[in-house]
Amino acid sequence: MALNPAMPILSARASVRTETLLVRLVLLLLSLGFLTFVVVLPLVAVFAQALDKGVGAYLAALTQPETAAAIKLTLITAAIAVPLNTVFGVAAAWAIAKFRFPGRNILLTLIDLPFTVSPVISGLVFVLLFGSRGVFGAWLEAHDIKIVFATPGIVLATIFVTFPFVAREILPALQEAGNASEEAGLTLGAGGWRILFRITLPRIKWALIYGVILCNARAMGEFGAVSVVSGHIRGLTNTIPLQVEILYNEYDFVGAFAVASLLTLLALATLVVKKLVERRENKAS
Amino acid sequence: MLNVQVENLTKRFASVGAPAVLAASFEAPAGGITTLLGPSGSGKTTVLRIIAGLERADEGRVLVGGSDIMNVPVRERDFGFVFQSFALFDHMSVRENVAFGLRVRKMPDADVQKRVDELLELVQLDGHGDKFPLQLSGGQRQRVGFARALAPHPKLLLLDEPFGALDARVRAELREWLRHLHEITHLTTIMVTHDQEEALDLSDCLVVMDQGKIQQAGTPAQIYEHPASSFVASFVGSANILQGHVHNGRARFGADSLTMPSTASDGSQVQAVVRPHDIRVERATVDANPSHRPSGRIQRIADLGTYIKLDLNLVTNEIVTVHISRKEFEALGLRKGESVLVDLDSARVFVEDYAI
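These protein sequence lines are chains E and F, in that order. All residue numbers for the first sequence refer to our numbering, where the first residue is 1 and numbers rise by one. All residue numbers for the second sequence refer to our numbering, where the first residue is 1001 and numbers rise by one.
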């Protein structure tokens, strides 16, 4: 045994590759074919349709006032929802990772709720709460505050649907890292904010960035919940996904796919950043 | 330099079950190294963390230089703490790690740089300042940990298994290095370890803990020579423990040839703790005297370089470990399976009441 330590490694390697060439080829073609059909073709179709009548028509479709308003509303929604969920996510993940308190498991379960509840219901909840016949409806009307079928409702629904992303992404990073670095900071005399900004956040930076990107992608792309609270008022309460649906239903295929291509590009950009983040993480460890 | 008095510390993590620390009291002399030694789960790390302020005691207090620190927050205690896991800030350079405690104290940048240079030299890492922790070896990382802890001129140095994450060779090197460092700084140091060799080697004062209680405190020599219990004897230095009883003023351990004088009353159960190097082995002779009959058989011989380790199977089926010098081993010409006479009389034997 001791004479040739390389032997067992070689035989182990050989045993992994016992499949014949044919089997490997079939498996490869099967998975590639499936991916092409399910992922690549639709992706190509989006851009092909969007550019069907040329770049000019594509740009015109994007700059049309109602579409421009939808893009603006989506950006505003994301600009409010993402920072709020980042702060909330960091606070919740910190509490769960660092402390043992009554209700910790409930908080952990609640964070996952938006993942498990249908987005339509998430939207409906806000209609039931803030709609004209809702719990706070009369009071809101009396004070002339509009939430449902207005921007605040869209923002609320988006926040609800996207709040798990940041917390879920950074929780494993926080738990894995343990408390020692923070304790080291404490013994060196640092206060809570300095520890958060100089020690904890830099350490979970990449997980945080990835969580924020995922949160943003979902905030911009959310359809179900936003659709329920939006009221589909053109140029006012339509976000990008809702605008896609309207244009498509009106047989404006170039317009629909041009707007859809924006979300597709966002998805591709998200994947690229995800890859970069993973590479940085691998380098760090 | 300040001394540390730990008085009656008690800590429970769960409302039920045994406390992690129970009524622990000891004194760490000013300017010395005090070691908390014990198996894992003995509560030694909890005591250290209470002193640091990272854990809150349920009862008892800690006095540093005579003043009670129990209500001083961690950040204001000014104690350097070195972690087993290093706990370095991986996203900061070595320099910034060392500078962290100085920047917290708002020291001007020029002074920070000067102090960092001093410390990097002290821990022999000059030239590594711009590297990041993950580019360093384990031993180097822990020296950064020491430099970071020492930079703000702490009142005490608290070490939580500082060499626990390092391999044996680096451990030994860093042990020498720590002794040297302490000779320079003379900072009152409290260290936690489960490595008895490390503890015996470095400590001015040794505190042996088990199951949350302090078993014995004293100088390493006191504890090695006069252990207070069989636990202490077997944990500090290796030891064989033999069960026996007293008959006619002699403790008897299984065989007629394994007896020794005892002051305990007849019939009482006793425990003998015998250091492996205190047992003498002789060739058995054919003799009418029962005390000269073979009392053990050599089961295993291991050549450990500096000495030979013998595992002897006694007539009572107990196994004792014996260390004899290479010279003695060769003179006796011992072989595996041979029967030998085991002489405990020349051994230092600790006999205690064997209570159940």
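Cβ atoms here follow ideal geometry from the backbone N, Cα and C, with glycine treated the same way.
Practice item. Kindly indicate if chain E contains any beta-carbon less than 9 Å away from that of SER1085/F. Key: Contact with chain E is found for SER1085/F, since one of that chain's Cβ atoms lies less than 9 Å from the residue's Cβ.
Point to revise | Endpoints, the alpha helix (DSSP H) within which PHE160/E is located | key: Judged by DSSP secondary structure, PHE160/E falls within the alpha helix (DSSP H) whose first and last residues are 151–162.
Exercise for review: Would you list the residues sitting across from LEU1063/F in a DSSP beta bridge?
Suggested key: Answer is GLN1005/F, ASP1068/F.
**Study point:** Selection of the stretch 1040–1054 of chain F by Cβ proximity to chain E, strictly under 7 Å
**Key:** Within the stretch 1040–1054 of chain F, ALA1052, LEU1054 place their CB atoms closer than 7 Å to a CB of chain E, listed in sequence order.
Practice item. Consider the C-beta atom of GLY1080/F and the heavy atoms of the ligand NAD; say whether any pair is separated by less than 8 Å. Key: In the structure on display, the ligand NAD does not appear, and there are no ligands present to speak of.
Exercise for review: For PRO172/E, decide whether its Cβ has a neighbour in chain F, counting only Cβ atoms nearer than 9 Å.
Suggested key: Not one chain F Cβ lies under 9 Å of PRO172/E.
Check your understanding: Once you ignore the five residues that flank ALA1087/F on each side, which residues in its own chain have a CB closer than 8 Å to its CB?
Key -> Spatial neighbours of ALA1087/F in its own chain (CB-CB distance under 8 Å, excluding positions within 5 residues in sequence) are listed in chain order as GLY1145.
Check your understanding: Taking the alpha helix (DSSP H) that THR1045/F falls in, what are its first and last residues?
Key -> DSSP places THR1045/F in the uninterrupted alpha helix (DSSP H) bounded by 1044–1052.
Review point. With respect to the alpha helix (DSSP H) encompassing PHE1146/F, which residues constitute its N-terminal and C-terminal limits?
Key: It spans 1138–1150 - the alpha helix (DSSP H) in which PHE1146/F sits, taken as one unbroken run.
Point to revise | C-alpha distance - ALA343/E paired with GLU278/E, whole-angstrom precision | key: Coverage of chain E is limited to positions 1 through 285, which leaves residue 343/E absent and any answer about it impossible.
Point to revise | chain F residues whose Cβ lies nearer than 7 Å to that of PRO202/E | key: Chain F residues near PRO202/E: HIS1091.
**Study point:** Short CB-CB distance (under 9 Å) between ASP1078/F and chain E
**Key:** Interface flag for ASP1078/F against chain E is set, since a Cβ pair is found closer than 9 Å.
Check your understanding: Comparing alpha-carbon positions, which option in HIS1153/F, ARG1326/F, LEU1120/F lies nearest SER996/F?
Key -> Residue numbering for chain F in the displayed model covers 1001 to 1356; residue 996/F lies beyond these limits and cannot be assessed.
Exercise for review: Give, in chain order, every residue of the stretch 1101–1120 of chain F whose Cβ lies closer than 7 Å to some Cβ of chain E.
Suggested key: Against chain E - using a Cβ distance shorter than 7 Å - the residues of the stretch 1101–1120 of chain F are GLY1101, VAL1104, ARG1105.
Point to revise | Alpha-carbon spacing of GLU141/E relative to GLU281/E, whole angstroms | key: Rounded to whole angstroms, the separation of the alpha carbons of GLU281/E and GLU141/E is 50 Å.
Review point. Straight-line CA distance for ARG1148/F to VAL212/E?
Key: One C-alpha to the other measures close to 33 Å.
Point to revise | Proximity winner among PRO1133/F, ILE1184/F, ALA1165/F, ASP1167/F, relative to LEU1150/F (alpha-carbon distances) | key: Taking LEU1150/F as reference, the option from PRO1133/F, ILE1184/F, ALA1165/F, ASP1167/F with the minimal CA-CA separation is ILE1184/F.
Exercise for review: Go through the stretch 61–104 of chain E residue by residue and report every complete run of the alpha helix (DSSP H) that reaches 4 residues or more, in order.
Suggested key: Within the stretch 61–104 of chain E, the complete alpha helix (DSSP H) runs of at least 4 residues are 65–98.
Check your understanding: Under a Cβ-count criterion, where at least 16 other Cβ atoms within 10 Å of its own Cβ denotes burial, should MET1260/F be classed as buried or exposed?
Key -> The residue is buried, with at least 16 neighbouring Cβ atoms inside 10 Å.
Review point. So, is the C-beta of THR264/E closer than 9 Å to a C-beta in chain F?
Key: Residue-level contact by beta carbon fails for THR264/E and chain F, as no gap is shorter than 9 Å.
Check your understanding: What do you get for PHE223/E, buried or exposed, if any count of 16 or more other CB atoms within 10 angstroms of its CB means buried?
Key -> Flag for PHE223/E reads buried.
Point to revise | Under 8 Å by beta carbon: chain E residues contacting PRO1152/F | key: Per Cβ cutoff of 8 Å: LEU188, GLY189.
Point to revise | Under 9 Å from the C-beta of GLU183/E: neighbouring residues of chain F | key: The answer, in chain order, is ARG1049, ALA1052, LEU1054, VAL1074, PHE1081, PHE1083, ALA1087.
Practice item. Could you tell me how far apart the beta carbons of MET1209/F and SER1042/F are, in whole angstroms, since I believe they sit closer than 8 Å? Key: With 8 Å as the limit, MET1209/F and SER1042/F qualify as a contact, their Cβ atoms being about 4 Å apart.
Review point. Which partner residues of MET1260/F appear in the DSSP bridge assignment?
Key: As computed with DSSP, MET1260/F is found in a beta bridge with ALA1251/F.
Review point. Excluding five sequence neighbours on each side, which residues of the same chain lie with their C-beta closer than 7 Å to the C-beta of TYR1307/F?
Key: The residues are HIS1323, ILE1324, SER1325, ARG1326.
Exercise for review: Measure the C-alpha to C-alpha separation of PRO172/E and ILE204/E and round it to an integer number of angstroms.
Suggested key: Straight-line spacing of the CA atoms in PRO172/E and ILE204/E works out to 10 Å.
**Study point:** Residue-level contact to chain E via CB, LEU1158/F, 9 Å cutoff
**Key:** Chain E has a Cβ within less than 9 Å of the Cβ of LEU1158/F.
Review point. Taking the alpha-carbon positions, what's the LYS1213/F to LEU186/E distance?
Key: Taking the straight line from one Cα to the other gives about 28 Å.
Review point. When we look at the beta-carbon of PRO42/E and count the other beta-carbons within 10 Å, is it buried (16 or more) or exposed?
Key: An exposed status is given to PRO42/E, since fewer than 16 other beta-carbon atoms sit within 10 Å of its beta-carbon.
Exercise for review: Check whether the stretch 1002–1016 of chain F touches the stretch 1057–1076 of chain F, counting contact only when three or more Cβ pairs, one atom from each stretch, lie closer than 8 Å.
Suggested key: Enough Cβ pairs lie closer than 8 Å, so yes.
Check your understanding: Could one say the Cβ of GLY231/E lies closer than 9 Å to chain F's Cβ atoms, at least one of them?
Key -> So, not an interface residue.
Review point. Quick one, which of MET1107/F, ARG1103/F, GLY1101/F, ASN1097/F has its alpha-carbon nearest LEU1358/F's?
Key: Past the boundaries of the shown model lies residue 1358/F; chain F is included only from 1001 to 1356, so the question cannot be answered.
Review point. Assuming GLN1196/F and PHE1235/F make a contact with CB atoms under 8 Å, what is their CB distance in whole Å?
Key: Contact flag correct, Cβ pair sits at about 6 Å.
Review point. Roughly how many angstroms separate the alpha carbons of ILE1298/F and VAL1021/F, rounded to a whole number?
Key: Looking at the backbone, the Cα of ILE1298/F and that of VAL1021/F are separated by about 42 Å.
Practice item. List the DSSP bridge partners of GLY1080/F. Key: Per DSSP, LEU1157/F.
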